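Undergrad: So the protein lines, in turn, are chains A and B.
With my numbering, the residue at position 239 of the first sequence is 247, and numbering never jumps.
With my numbering, the residue at position 271 of the second sequence is 279, and numbering never jumps.
Note that CB positions come from ideal geometry on N, CA and C, so glycine has one too.
Just so you know, these numbers come straight off a predicted model, no measurement behind them.
Got a structure for you, questions after.
Number of protein chains: 2
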Amino acid sequence: MITIYDIAKRANVSAMTVSRVINNSGRISAGTREKVKRIMEELNYIPNSTARSLVKQETKMLSLLITDITNPFFTTLARGAEDAAHQFGYKLLFGNSDEKLSKEKEYVDMVLSTRVDGLLFAPASDASAEHLAMLNVHRIPFVLVDREVPGVEADMVLGENRAGAASLTEYLVSLGHTRIALVNGLGTVSTARERHAGYREALERHRIPYDESIILEYGYNRFDDLDQLDRILRMPDPPTAIFAANNMLAVSIIGYLRDKGIGVPEHMSVVCFEDVGMASKLDPFLTVAVQPAYEFGYRGIRLLIERIRSKDEMERRVIRLPSDMIVRKSAGAPPDRL
Amino acid sequence: MITIYDIAKRANVSAMTVSRVINNSGRISAGTREKVKRIMEELNYIPNSTARSLVKQETKMLSLLITDITNPFFTTLARGAEDAAHQFGYKLLFGNSDEKLSKEKEYVDMVLSTRVDGLLFAPASDASAEHLAMLNVHRIPFVLVDREVPGVEADMVLGENRAGAASLTEYLVSLGHTRIALVNGLGTVSTARERHAGYREALERHRIPYDESIILEYGYNRFDDLDQLDRILRMPDPPTAIFAANNMLAVSIIGYLRDKGIGVPEHMSVVCFEDVGMASKLDPFLTVAVQPAYEFGYRGIRLLIERIRSKDEMERRVIRLPSDMIVRKSAGAPPDRL
DNA sequence: TTGTATGCGTTATCAG
DNA sequence: CTGATAACGCATACAA
């Protein structure tokens with residue numbers, strides 16, 4: 009490996025001089041600067057950032073922890089995060105918790121020892137508080153993205169889940185639906201609670217009774233126990249519409265309905281939070297509330313970098329990003345009205 | 009920051025003893041081991057891997073460079089890579105070249121200075137050879153994934169593009185099509201060349217004339233200049249089917265046809281290489297050749313780790329992964345036969 | 001079983 | 001404008 013000493017020897021200067029030209033620090037005569045630069049080129053020298061990190065106590069690495077790398081929302085978010093990081097001279101370490109606390113913990117341990125300069129964190133659930141506490145112990149700055157955690161004070165980039173869910177629900181109501189099922193994420197995740205609140209709020213506004221028996225809960229990426237859905241379909245007064253709290257759930261639900269021969273939207277209307285990536289381009293079918301996923305990532309990283317630079321002197325910042333309802337074809341009037 | 013010296017002082021041992029219990033190396037009396045461990049717990053000690061990397065000359069970090077982070081093929085590949093890396097105790101640094109050589113170069117420079125132990129590399133084009141050469145200069149092991157580069161000898165995980173493309177084409181032929189357009193990726197990318205070869209091979213096998221005027225070339229992620237497509241649609245004898253060389257192209261083409269009021273498959277059959285993620289779950293519509301994307305990533309990382317461990321003593325390995333044709337509904341008999 | 005000296009590649013500090 | 005020295009946190013080699 010070529011080091012600054014190799015360069016120094018060849019250039020007949022000290023290692024410090026080489027270091028200075030690399031970092032453009034201190035005054036250096038044009039002559040030696042050119043000479044050193046030339047030799048660095050010749051020898052294909054590349055600074056060792058490990059060594060630099062050790063002395064400077066910073067790695068210029070940020071970490072992004074998401075809960076589902078196969079979900080287009082998170083990959084688009086990742087894209088935004090990567091762009092921002094790259095733009096500001098940071099590298100990005102990715103992690104995928106799969107919505108699992110155990111994987112999340114392993115990942116937190118990993119980044120702790122890697123000494124990243126900061127973390128953009130999408131917590132798997134409220135229980136992530138414990139992992140966040142570890143970050144605090146070790147003074148690693150972090151920004152929460154997409155989800156918040158009760159009791160944890162931090163910079164955050166969140167969606168307007170409540171308003172978005174209310175709009176989607178009201179849209180169904182405007183179509184004539186009064187029996188609207190909610191297939192939600194787990195109650196331990198803030199977005200699920202907020203979407204639930206928005207749903208309920210819309211119902212109340214229109215004096216539609218809230219019925220717990222048509223509220224279902226699943227993990228955002230694990231739609232396994234279909235019996236629950238089956239149960240509400242077999243009710244004497246089954247729902248005529250389903251509000252799925254995220255895209256994966258919506259996709260699974262529609263597949264399930266298709267297998268049962270239940271047409272969407274003829275027999276059942278379906279809307280959901282989050283767009284479905286390529287699917288909506290291939291066939292603009294699903295009516296959704298789209299979140300600005302790229303912005304989540306981009307602004308999250310920016311916030312994080314500002315936090316790192318300002319240490320604890322900046323006051324806490326929370327950004328709320330609105331979602332945008334896109335009406336397509338998966339919801340229509342309830343069948344009994346036709 | 010807590011260091012091994014802090015632990016050592018509290019435990020009345022030397023730093024080396026602490027280092028030994030951390031690494032389970034050398035013989036240590038059960039007593040001191042326990043004592044040291046307890047104190048590490050108390051102080052929330054976490055080893056500084058930057059320092060460790062510097063002395064051990066390895067970072068336990070691998071890097072994955074893909075060309076499109078929004079393409080489900082690559083995110084699934086990434087998922088496999090991450091699983092493998094995690095399983096073998098490596099961290100994964102992600103990069104996204106966007107099919108652009110300039111971004112690829114920046115990324116290569118970055119990882120070079122980060123001193124990752126190895127790279128899983130999906131080259132943007134044949135011109136990536138230059139960047140690969142830089143890796144060789146600095147003795148960074150790498151494995152090529154999805155695409156190969158002429159003149160570059162390396163371990164690789166590739167798809168059976170030729171056979172897959174031939175199957176897809178033959179399927180169209182079996183449906184009765186004889187005018188089949190190919191909307192391909194750039195000729196500077198190995199997969200595009202191989203898919204083209206497979207297409208041509210199938211045509212020849214069935215004595216169908218090969219017509220260059222219905223071969224189009226686009227970047228895999230940039231389907232902009234639609235005039236080309238328009239031109240072949242207006243031909244006196246337009247194609248009755250289109251073979252899109254990747255998923256993004258297929259999605260764009262179908263959107264374009266839809267806007268023109270051309271129904272798929274009634275007026276035009278469309279098939280493509282690569283599945284379309286959620287879209288195929290939401291509506292199993294597109295007939296495709298699916299590649300085992302997860303395996304690409306998982307096996308790529310395994311190959312890379314084996315290469316790192318064996319230095320240059322292992323012989324070169326090339327893994328070819330077959331694709332699987334899934335017949336859905338986007339292709340049918342040519343309209344003039346109905 | 002445990003400790004001491006040294007070095008990994010770089011930068012901060014202070015001296016010249 | 002340039003250089004010598006120490007330090008970052010840890011592990012290797014050797015000694016005790």
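Residues in the same chain with beta-carbon distance under 6 angstroms from R328/A, minus the five sequence neighbours each way, listed in chain order, please.
TA: Around R328/A: L166 and E168.
Undergrad: Please tell me whether E86/A and R310/A are closer than 7 angstroms, where the distance is taken between their beta carbons.
TA: The question names Glu, but residue 86/A in the sequence shown is Ala. The answer is no: Cβ separation not under 7 angstroms.
Undergrad: May I ask you to verify whether the segment 146-157 of chain B touches the segment 118-132 of chain B, counting CB pairs closer than 8 angstroms and requiring at least 3?
TA: Contact between the segment 146-157 of chain B and the segment 118-132 of chain B is present, because at least three Cβ pairs lie under 8 angstroms.
Undergrad: By Cβ distance below 7 angstroms, which residues in the same chain neighbour I47/A in space, the five residues on each side in sequence not counted?
TA: Within the same chain, I47/A has close Cβ partners I15, R18 and A19.
Undergrad: Are the C-beta atoms of S61/A and some chain B residue less than 7 angstroms apart?
TA: Yes - at least one Cβ of chain B is within 7 angstroms of the one on S61/A.
Undergrad: Pull up the distance between the alpha-carbon of L346/B and that of I223/A, whole angstroms please.
TA: Here L346/B scores only 45 on pLDDT, less than 50, and its place in the model is too uncertain to base an answer on.
Undergrad: Is it buried or exposed, K99/B, if we count other Cβ atoms within 10 angstroms and call 16 or more buried?
TA: So K99/B ends up on the buried side.
Undergrad: What's the gap between the Cα of L62/B and the Cα of T58/A?
TA: If you take the alpha carbons of L62/B and T58/A, they lie about 6 angstroms apart.
Undergrad: Could you tell me the alpha carbon to alpha carbon distance between T248/B and G271/B, rounded to whole angstroms?
TA: Their Cα atoms are separated by approximately 11 angstroms.
Undergrad: Leaving out the 5 sequence neighbours to the left and right, which residues in its chain are closer than 7 angstroms to R307/B when beta-carbon positions are compared?
TA: These residues qualify, in order along the chain: V165 and I327.
Undergrad: Shorter than 7 angstroms from the beta carbon of M333/B to some beta carbon of chain A?
TA: No, its Cβ sits nowhere closer than 7 angstroms to a Cβ of chain A.
Undergrad: Closer than 8 angstroms is the cut-off here; do at least three beta carbon pairs connect the segment 241-261 of chain B with the segment 225-239 of chain A?
TA: Flag = no, the segment 241-261 of chain B and the segment 225-239 of chain A do not touch.
Undergrad: For V157/B, which option in T196/B, T177/B, A173/B and N144/B has the closest C-alpha, if you only look at C-alpha atoms?
TA: Checked all of T196/B, T177/B, A173/B and N144/B; the closest Cα to V157/B is T196/B.
Undergrad: Counting only Cβ pairs nearer than 8 angstroms, list the residues of chain A close to V278/B.
TA: In chain order: nothing, as chain A lies at least about 10 angstroms away.
Undergrad: For P273/B, count neighbouring Cβ atoms within 10 angstroms of its own Cβ and tell me buried if that reaches 16, exposed if not.
TA: Buried, by the Cβ-count rule.
Undergrad: If we count the other Cβ atoms within 10 Å of its Cβ and call it buried at 16 or more, is Q95/A buried or exposed?
TA: It counts as exposed.
Undergrad: Check whether the segment 97-115 of chain A and the segment 67-78 of chain A are in contact - that is, three or more C-beta pairs closer than 8 angstroms.
TA: The segment 97-115 of chain A is in contact with the segment 67-78 of chain A.
Undergrad: Going straight from the alpha carbon of A174/A to that of R336/A, what length do you get?
TA: Each residue's alpha carbon lies about 17 angstroms from the other.
Undergrad: So, V116/B versus H146/B, is the Cβ gap smaller than 7 angstroms?
TA: Not in contact: V116/B and H146/B (Cβ atoms no closer than 7 angstroms).
Undergrad: Would you mind telling me which residues of chain B sit closer than 8 angstroms to S105/A, beta carbon to beta carbon, in chain order?
TA: None at all; the shortest Cβ gap to chain B is about 11 angstroms.
Undergrad: So which of D233/B, E178/B and T11/B has the shortest CA-CA distance to N52/B?
TA: Of D233/B, E178/B and T11/B, the residue nearest in Cα terms is T11/B.
Undergrad: With distances taken Cα to Cα, identify the nearest neighbour of A189/B among L211/B, A171/B, R170/B and A297/B.
TA: Among L211/B, A171/B, R170/B and A297/B, the Cα nearest to that of A189/B belongs to L211/B.
Undergrad: Taking only the alpha-carbon atoms, compute the straight-line gap between F281/A and T84/A and give it to the nearest angstrom.
TA: Going from the Cα of F281/A to the Cα of T84/A covers about 15 angstroms.
Undergrad: Check whether chain B comes within 7 angstroms of R28/A, counting only Cβ atoms and requiring the distance to be less than that.
TA: So, not an interface residue.
Undergrad: Tell me which residues of the segment 106-133 of chain B have at least one Cβ-Cβ distance to chain A shorter than 7 angstroms, keeping chain order.
TA: Taking 7 angstroms as the Cβ-Cβ cut-off against chain A, the residues of the segment 106-133 of chain B that qualify are M118, L120, S121, T122 and R123.
Undergrad: Give the secondary structure of R256/B by DSSP, where H, G and I count as helix, E and B as strand, and everything else as coil.
TA: Residue 256/B is actually Met in this sequence, not Arg. Helix at M256/B.
Undergrad: Which complete alpha helix (DSSP H) runs does the segment 153-184 of chain B hold, if anything under 4 residues is left out?
TA: Taking only runs of at least 4 residues, the alpha helix (DSSP H) segments lying wholly in the segment 153-184 of chain B are 169-182.
Undergrad: When the Cα of E225/A is compared with those of P300/A, K319/A, I261/A and S338/A, which residue comes out closest?
TA: The residue with the shortest Cα to Cα distance from E225/A is I261/A.
Undergrad: When every heavy atom of the ligand ZN is checked, does at least one fall within less than 6 angstroms of the C-beta of M9/B?
TA: You won't find the ligand ZN in this model; it holds no ligand whatsoever.
Undergrad: Would you say P300/B faces chain A, with C-beta separation under 7 angstroms as the test?
TA: Answer no: the Cβ-Cβ gap between P300/B and chain A never drops below 7 angstroms.
Undergrad: Report yes or no: is there a C-beta of chain A within less than 7 angstroms of the C-beta of R336/B?
TA: False, the Cβ-Cβ gap to chain A never drops below 7 angstroms.
Undergrad: Please say whether V298/A and S338/A have beta carbons closer to each other than 7 angstroms?
TA: No, these two residues do not count as a Cβ contact at 7 angstroms.
Undergrad: Give me the residue from S182/A, G88/A, E202/A and N192/A with the minimum Cα distance to I216/A.
TA: Checked all of S182/A, G88/A, E202/A and N192/A; the closest Cα to I216/A is S182/A.
Undergrad: If you run the structure through DSSP and keep just helix, strand and coil, what is T295/A?
TA: Reduced to three states, the DSSP call for T295/A is strand.
Undergrad: For a contact meaning CB atoms closer than 7 angstroms, what does K319/B contact in chain A?
TA: In chain order: nothing, as chain A lies at least about 15 angstroms away.
Undergrad: Look up F82/B in the DSSP assignment and say whether it is helix, strand or coil.
TA: Three-state result, F82/B: helix.
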